[in-house]
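*Asks:* Handing you this structure, nothing more for now.
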Amino acid sequence: MGNTMRLGCRRTFFSKPDCLTSKLYGSPPHVDERHRHRYEVNPSFVPMLESAGLHFVGCDESRNRMEIVELQDHPFYVGVQFHPEFKSRPRRPSPPFTGLIMAATKQLGANSNSSNGFVGASD
């Protein structure tokens, strides 16, 4: 079991560039986020989950490990395998957290900025 741990910074590639999570990060081709888990989505279940409405919008470099999932047509249904809290800072929270707060306050999309994502924060 020891060698199954995904630990440290890992790259996640956006498979759908126009997805909400990509926009929150400012539409880059990939993001580097920290991991510390042993969890994976069984690849054989991905087609069934996607046919039920979930969209896997981010994956690892092998394209076999699903990292980000969204539910389309929902104000903010985003799930990530990484730990966004590890890179959050008081003046620059992680984009998934900012997106959740903006969705809860009905501001998501109102502050869009293509260079800095929806956050628009500067340090």
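Residue 1 is where the sequence shown starts when you use UniProt numbering, and the numbers rise one by one after that. Cβ coordinates follow ideal geometry from the N, Cα and C atoms, glycine included. Remember, predicted model here, so these are calculated numbers, not experimental data.
#1: Let's see if you can read the secondary structure: which residues bound the beta strand (DSSP E) around residue 149?
#2: Who does L7 pair with in a DSSP beta bridge?
#3: Please report how far the alpha carbon of A103 lies from the alpha carbon of R36, in whole angstroms.
#4: Please state whether DSSP places L49 in a helix, a strand or coil.
#5: Return the bridge partner residues of H30 from the DSSP annotation.
#6: Quick check on DSSP: helix, strand or coil for F56?
#7: According to the neighbour-count rule (16 or more other Cβ atoms, all chains shown, within 10 Å of its Cβ), is K23 buried or exposed?
#8: So, Q72 versus H83, is the Cβ gap smaller than 9 Å?
#9: So V78 and G99 are in contact, right, with Cβ under 8 Å, and what is the actual spacing, rounded?
#10: I'd like to know whether the C-beta of E67 is nearer than 9 Å to at least one C-beta of chain D.
#11: Does the Cβ of G58 have 16 or more other Cβ atoms within 10 Å, making it buried, or fewer, making it exposed?
#12: Compute the Euclidean distance between the alpha carbons of P93 and E85, then round it to the nearest angstrom.
*Replies:* Let's see:
#1: No answer is possible for residue 149: it lies beyond the span of the chain, which begins at 1 and ends at 123.
#2: Bridge partners of L7: R36.
#3: 27 Å
#4: helix
#5: F13
#6: strand
#7: buried
#8: It is not a contact, given that the beta carbons lie outside the stated cut-off.
#9: Yes, they are in contact, since the Cβ atoms of V78 and G99 sit about 7 Å apart, within 8 Å.
#10: Annotation note: the requested chain D is absent from the structure, which comprises a single protein chain.
#11: Its Cβ being crowded by 16 or more others within 10 Å, G58 is buried.
#12: 8 Å
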